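**Student:**
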Amino acid sequence: MYKKYKKLLFGWLLLLFLPALSQGAFENKITISFKNEPLTSALIKLSESSGVKIGFTQSVLGNSAGKLIDLQVKNQTLSEVLDIILKPHGLTYAYVGKSVIIERAKTSAAAEAKPGPEQNNDIRIQGRVTDENKEGIPGVNIQIKGTLVGTITDKEGHYSLSAVSSKSILVFSFLGYESTEEIISARTEVNVQLRPSSNKLEELIIVGYGEQRKADLVGSVAKVNPENVKTIPEASFDTQLQGSIAGVQINGGTGIPGSNTFIRVRGATSINSSNDPLYIIDGVFVNNNSLQSVDADRTTSPLADLNPNDIENIEVLKDATAIAIYGSRGANGVIIITTKRGKFEQKPTVELSTSQGWGWAPKKWDLTTGLQHAMLVEEYRANEKLPPVFTAETRGLPQDQPTFDRQAILNRTARYQNYDASLRGGTANTSYYLGFGHSSQQGIWKPMGFSRTSFKVNIDQRINHWLTIGTSNTLSRSLRTIGRAVGSGGTGALYQASVDIPTYLPIFDQAGKPLRWVNFDNIHSLTTESDATALSNHYIGILYAEADILRNLKFRTSFSLDYNIYEENEYWNTNLLRGIANNGEAITGFTQSNYWVNEQTLRYTTSLGTNHRFALMVGTHLQGSTTSNTTSRGTNFPNNSFKLISAASNQTVRESWGKNSLASVFSRLEYNFKRKYFFEATVRADGASKFSPKNRWGYFPAIGAAWRISQESFLAQNPVISNLKLRLNYGVAGNQNGISDFAFRGLWTAGLGYPDAGTAELPGTAPFQLANPDLRWEKTSQFNLGIDLGLFKDRLSAEINLYRKYTSDALLEIAVPNYTGFRSYLSNFGEISNRGLELSVNSENIRRERFKWSTSFNISRNVNRIEVLPYPMSFEDRQFIRIEQGVSLYSYWLYKSHGVDPQTGDLIIEDVNKDGRITADDRKVVGDAWPDFFGGLTNNFTFGNFDANILFTYSFGNHLWNHNRALGEQGGRLDGNRVLFASQLDRWQKPGDVTDVPRLALKNYNTQELSRFFEDASFVRLRSFSLGYTLPQSATSRLKLPKTRLYFVGTNLWLWTRYSGADPETRIERGESQNIQGYDFASPPTPRTVQFGINLTF
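No gaps in the numbering here: position 814 of the sequence shown is 814 in UniProt numbering, and each next residue is one more.
1. F237 by DSSP, collapsed to three states: which one?
2. My guess is that S530 and G483 are in contact by the Cβ rule of under 8 Å, so how many angstroms apart are they, rounded?
3. Helix, strand or coil for L576 per DSSP?
4. I'd like the list of long-range same chain contacts for N307, defined as Cβ closer than 6 Å, with 5 residues on each side in sequence excluded.
5. Decide if G1078 is buried, meaning its Cβ has at least 16 other Cβ atoms within 10 Å, or exposed.
6. State buried or exposed for T107, treating a residue as buried only when at least 16 other CB atoms are found within 10 Å of its CB.
7. Name the residue from N862, I336 and K446 whose alpha carbon lies nearest to the alpha carbon of A932.
8. Once DSSP output is grouped into helix, strand and coil, what is the label at Q736?
9. Out of Q970, N650 and G255, state which residue places its alpha-carbon closest to the alpha-carbon of K1003.
10. Measure the alpha-carbon distance for A733 versus E568 and round it to whole angstroms.
11. Using DSSP's beta-bridge definition, name the partner residues of Q212.
12. First and last residue of the alpha helix (DSSP H) that includes S49?
13. My output table needs one value for R804: the three-state DSSP class, helix, strand or coil.
14. Quick one: Cα of S290 to Cα of L724, how far?
15. Starting from I918, trace the alpha helix (DSSP H) both ways and give me its first and last residue.
16. Check whether the segment 1049-1063 and the segment 351-366 are in contact - that is, three or more C-beta pairs closer than 8 Å.
17. Using only the heavy atoms of the ligand ZN, determine whether one of them is closer than 6 Å to the beta carbon of R477.
18. Quick check on the burial criterion: 16 or more other C-beta atoms within 10 angstroms. Buried or exposed for G24?
19. In the DSSP assignment, what residue or residues form a beta bridge with H621?
20. Which residues bound the beta strand (DSSP E) around A705?
21. Whose C-alpha, out of I909, L170 and P447, is nearest the C-alpha of A920?
22. Rounded to whole angstroms, what is the Cα-Cα separation between L662 and W596?
23. Let's test the definition: count the other Cβ atoms within 10 Å of the Cβ of N940 and tell me whether it reaches 16, buried, or not, exposed.
24. Measure the C-alpha to C-alpha separation of R1088 and W360 and round it to an integer number of angstroms.
25. Looking at the structure shown, is A65 part of a helix, part of a strand, or coil, going by DSSP?
26. For N383, which three-state DSSP category applies?
27. Using beta-carbon positions only, say whether N537 and R477 come within less than 7 Å of one another.
28. Return the chain-ordered list of same chain residues with a C-beta closer than 6 Å to the C-beta of V350, the five sequence neighbours on each side being excluded.
29. Check whether the segment 536-551 touches the segment 280-287, taking contact to mean three or more Cβ pairs, one atom from each stretch, closer than 8 Å.
30. Could you name the residues of the same chain whose beta carbon sits closer than 7 Å to that of A186, not counting the 5 residues immediately before and after it, in chain order?
31. Under 7 Å Cβ to Cβ from V60, same chain only, skipping five residues before and after it: list those, please.
32. In the structure shown, what three-state DSSP assignment does V221 receive?
33. Taking the C-alpha atoms as reference points, what is the distance between W988 and E384?
34. Counting beta carbon pairs with one atom in the segment 519-533 and one in the segment 557-564, are three or more of them shorter than 8 Å?
35. Taking Cβ to Cβ, would you say G51 is nearer than 7 Å to R551?
36. Contact between the segment 240-250 and the segment 426-435 is defined here as three or more beta-carbon pairs at a separation below 8 Å; is this criterion met?
Pasting the structure below:
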């Protein structure tokens, strides 16, 4: 093992320093000749020949600009050629990053030569160019309009320009900012503040292993500005993105801080494998699988370990051309997160921020009072000809029943706290970003909570003009306080202890001692004495090196690591049912996840003339993952003060270990002609250890093209259409996520025992998994047709995408006969399709100096369908969820109810097979959890120093199985010992009553699997509202304060829905199957929150 790692380390180091064996562009040998060419022309020709940008101004060259150069050189460096050309004219040069700037030689008399008559004016202009934050911008181009005379700003944003006419106009331009013109008049100092450019087409978009201008994209890539959502008080950044991206369905859903987020990019492509997207943070491939091992009824999100305040940009790659470079890793879409970094020659900037907030449940379950409960029970018993149970001799008369509110004990006003500090900046050769954050969130249900402390270090170092190295590191420590939403066997369940117990039963006895009823824990004991936590120590880091080997040839190598230590601890004392049954019970889980990636890429760019541009990228990818887990359990403790398993008299230990690896090679070719016609081809080959050698490698190609119609002559001068582009692409991706590390192998398991001749049990092993050497890659092909439209100089822009995804060779567990000793084996059998439409619209409604208003709107529709499936598959204990050929994932298999008969008060249930009886054969698929369409609407306002953001999210056509109501409207056959929802008060009571709640009779409550509980969960939600105020610079300067912004954020402030449950976006907190979706049971709703904060920038 040691030799293996030593070879791996040696190979990586060799690749890392391989560029040092080659020379940079500055030292490349040049062969060039000049025949009586002016100095300006010679410098331009030399720049083109060497591939190095050479900057100069007419004022610096002076009279030498027209001097003729007659020279022929062979195999000399750029430095040597510049010395020959410049020294005779009193000129020199300086390296600025990867460019050369021509300067006057200060020690040369020629450098002091006065300008010729054509530049001889009596005005010298100087000034400073700043950005929207009043920070100096280096490298801004300043030119006298109509001439070649100009200069550039220094690293502080300062500039000076001699021999300028007072009638001249200065043009200031810089990438990413709007060009500005200034008339000089009689001024000698001209200071300019540049505004960020509103031309989104020139914006750089992060794509796989590189970046492209938005105008040049062939694939579908969405960019999110995290500044608009980062103040939303969510533990995990992915939940903050809800409603911001077309085609991406996001649902946090549980109201539990730090829990997993449901994300689907263009639907779901797999039945058995994972449908989660790939996450990449600063080039690090992140393992987003939940690591919990103690309790399968909850899932936690490793992504919650990342501080949202450290994020700079988020890009979502959706279609085949965009994701193909990631091969099997990108089948479900790719989310690329870029964290903040410093800039070279940037002044140090310190940012401090803090916020305090509160959250509460916007809605609780509507339960009957003690009186109402007793009356309903007695009505039910009278209808069934049963004797009353609420009598003066037994439980007391109905009118004497009290009401006890257990939900008041469960719920609380949760406290939110956030503290962030960062330092960023850079010198000529070093840039840095240092970040610290601490966040603490209480759950709205006791005792749930989440806290995170994180550190971030990003450093980039220029070793010389051709080699740069850097690193990104995130270290976080997250603590989750666990509260079990629903317990096994009725124990330890927050929901059951607060809702499933009738409200007339007291919580405490007369002495104040907690009471237990109906085999459920007392809610007070459960919220105060529960001891369950999960601690994550998580490191995400990468080390890279980039080298300019030759002209336009760049090499990059990197090694990244995602390492997580996840510890779980639970102790159930003897005041709780689970502890009583075992005289105290403790469980610990210790999981280590080690996920490393080594990559090399080589990128070459070139042009043929001015019309043809090419880019070719090739690369390799090696990854390995190991996961180990140890779970220990102890029972029968001396007392509740001893919680370590070593103190228990009964102890058991279970261990597991897994390992997998992946090797890949990939390539991408980009071509464009006149920036009007674009072509892109990608291919990737992945080899995975999860498959047998004969099927180990999968090949995933993609091809795409785009046409910028607006660049054609017939539209180039159109006053309305400023951008029109057509995109078309097709590709194939693979999937192996979600299957075990040894999926194709036959496996045995230990820990099984069998009796010997005595009473003891001997340890043994048994077959655990059938081998399948024919197992192969699950593949998803995708077609995308897209249109990008810009109107009125892109003040109104839209993007439309039509897509179809088709998955074949789906990885499924196929049932086998019981006599084999197995229930199923993994095979390729199944096909799924997704087709959909996405529309995004952005508009700048008002764009004035002091008032700006912009709007973003997106709407999406996805239709999911199972095309091929060998037999129906059901999920959950009562098989509510069922998938079969011809329906979609997340479909519900129920009895179809058609309301209540007004004459009899009984349910009308559809007799599907027409046999005159209602049996299991009458169940059918009545719908699914997918929305018909969903999206978001965002409005941003700026008025003077005020700013506001309003985000609405919506979903229509989605349904939820309301399992809480299914239980609450039956109440254990209304036996007086179970809860009753207040909706039972609307029951049928006499002929002619029109209601959807049947009469209280056994025949109407002998099943839960009724479509009446499968409710329309369409909604429109005011997801967030923020209002900020930035103190005027005049006030902060006078008071000697830093830049200060005060803000307020409210979330979930308003909701429209017809869903009767607590929240139309909620979902069950279960980890055993990704197919249990659209199921509302025992989970806290999304909290309503308010938050106040302050940001300080020094």
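Virtual Cβ for every residue (Gly too), placed ideally from N, Cα, C. Just so it is clear, the structure is predicted and the values come from calculations on it, not from any experiment.
**Tutor:** With the given structure in hand:
1. helix
2. 6 Å
3. Three-state result, L576: coil.
4. G437 and S454
5. buried
6. Note that T107 scores a pLDDT of 43, beneath 50, so its modelled location is shaky; the value from the coordinates is reported in the next line. Exposed, because fewer than 16 other Cβ atoms sit within 10 Å of the Cβ of T107.
7. A small correction: the amino acid at residue 932 is Asp; Ala does not occupy that position in the sequence shown. When each option's Cα is compared against that of D932, the closest is N862.
8. coil
9. It is Q970 whose Cα lies nearest to the Cα of K1003.
10. 36 Å
11. I205
12. L39 to S50 is the extent of the alpha helix (DSSP H) around S49.
13. strand
14. For S290 and L724, the gap between their C-alpha atoms comes out near 43 Å.
15. First-last for I918: undefined, no H or E at that position.
16. yes
17. This structure lacks the ligand ZN; in fact it carries no ligand of any kind.
18. Interpretation of G24 is limited by its pLDDT of 47, a score under 50 that renders its predicted location unreliable; no figure is taken from the coordinates.
19. E599 and S664
20. W697 to R708
21. The shortest CA-to-CA distance from A920 to any of I909, L170 and P447 is the one to I909.
22. Between the C-alpha atoms of L662 and W596 there is a straight-line separation of about 11 Å.
23. buried
24. 5 Å
25. helix
26. helix
27. yes
28. Closer than 6 Å at the Cβ level, and outside the excluded window around V350, lie L423 and F1098.
29. yes
30. S166
31. I102, E103 and R104
32. strand
33. Each residue's Cα considered, the two are about 15 Å apart.
34. Not touching, per the Cβ criterion.
35. yes
36. No, the segment 240-250 is not in contact with the segment 426-435.
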